[in-house]
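J.:
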Amino acid sequence: MKTYISIVVTCIIFLSLLSCNNQPSSNHSNTKADYSLWADTIIYEVLINNPDTLNEWESQKVKAVHQLKIVDELFDKVYNKEKIAYDYYTNEKLSIDDIRSIESKSEFNRKNVGKLQFSETWKFDNKTNQLHKEILQILLAYEIYDETGNLRGYRAAFYLKDF
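Here it is as structure tokens:
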């Protein structure tokens with residue numbers, strides 16, 4: 001009987017030690033040391049429409065971009081309540097009516113949404129030598145023209161987050 005109890009106690013101690021092992025397995029590739037944080041937050045703009053057709057370099061950069069598809073799908077996400085739009089200047093949530101108001105402005109046209117501004121986190125995987133980009137926000141910006149039809153710049157329409 002003593003031997004039986006001794007074996008049971010030994011097994012319990014052994015199993016307890018095994019269950020307390022919090023070391024990650026060697027197959028786990030997401031440990032902190034495996035990644036280099038390249039950018040906690042990086043913000044950059046991407047031209048998706050070239051308003052200056054004489055600028056061949058810019059035209060070449062956007063020739064394979066489906067500008068209207070991108071813009072329509074992002075607007076659809078808002079109208080279908082899959083994403084929430086936010087005001088760039090106040091960070092307040094925008095309602096569907098607010099989005100309709102933006103679209104009703106005489107200066108606005110979906111065809112003139114020419115830039116996206118991305119806010120992202122970049123992590124470099126040291127084991128696979130791959131860059132992982134997490135999109136935090138996408139801002140839509142549309143072209144603003146002066147009275148003579150010259151591009152003055154871009155105006156923020158709204159941004160979406162949590163991609």
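Letter 33 of the sequence shown, counting from 1, is numbered 33 in this note's numbering, and no numbers are missing. Glycine included, C-beta positions come from ideal geometry on N, C-alpha and C.
1. Which residues bound the alpha helix (DSSP H) around D146?
2. Does N27 pass the burial test, meaning 16 or more other C-beta atoms within 10 Å, or should it be called exposed?
3. Mind checking who F124 pairs with in its DSSP beta bridge?
4. What's the gap between the Cα of I43 and the Cα of T148?
5. Distance, Cα to Cα, V65 vs E56?
6. Which term fits Y142, buried or exposed, when burial requires 16 or more other beta carbons within 10 angstroms of its beta carbon?
7. Quick one: what's got a C-beta closer than 8 Å to L116's C-beta in the same chain, skipping five residues either side?
8. Assign F75 to one of two classes, buried (16 or more other C-beta atoms within 10 Å of its C-beta) or exposed (fewer than that).
9. What residue range is occupied by the uninterrupted alpha helix (DSSP H) comprising R100?
10. Is it buried or exposed, G114, if we count other Cβ atoms within 10 angstroms and call 16 or more buried?
T.: If we stick to the structure as given:
1. Counting along the chain, D146 falls outside any alpha helix (DSSP H), and DSSP gives it neither H nor E.
2. Note that N27 scores 47 on pLDDT, short of 50, meaning its location in the model is unreliable and no value can be drawn from it.
3. Beta bridge pairing from DSSP links F124 with S36, L131.
4. 32 Å
5. 15 Å
6. buried
7. So the qualifying residues of the chain are E45, V46, I48, I70, I138, L139, L140, A141.
8. buried
9. 96–104
10. Classified as buried, G114 has 16 or more neighbouring CB atoms from the shown chains inside 10 Å of its CB.
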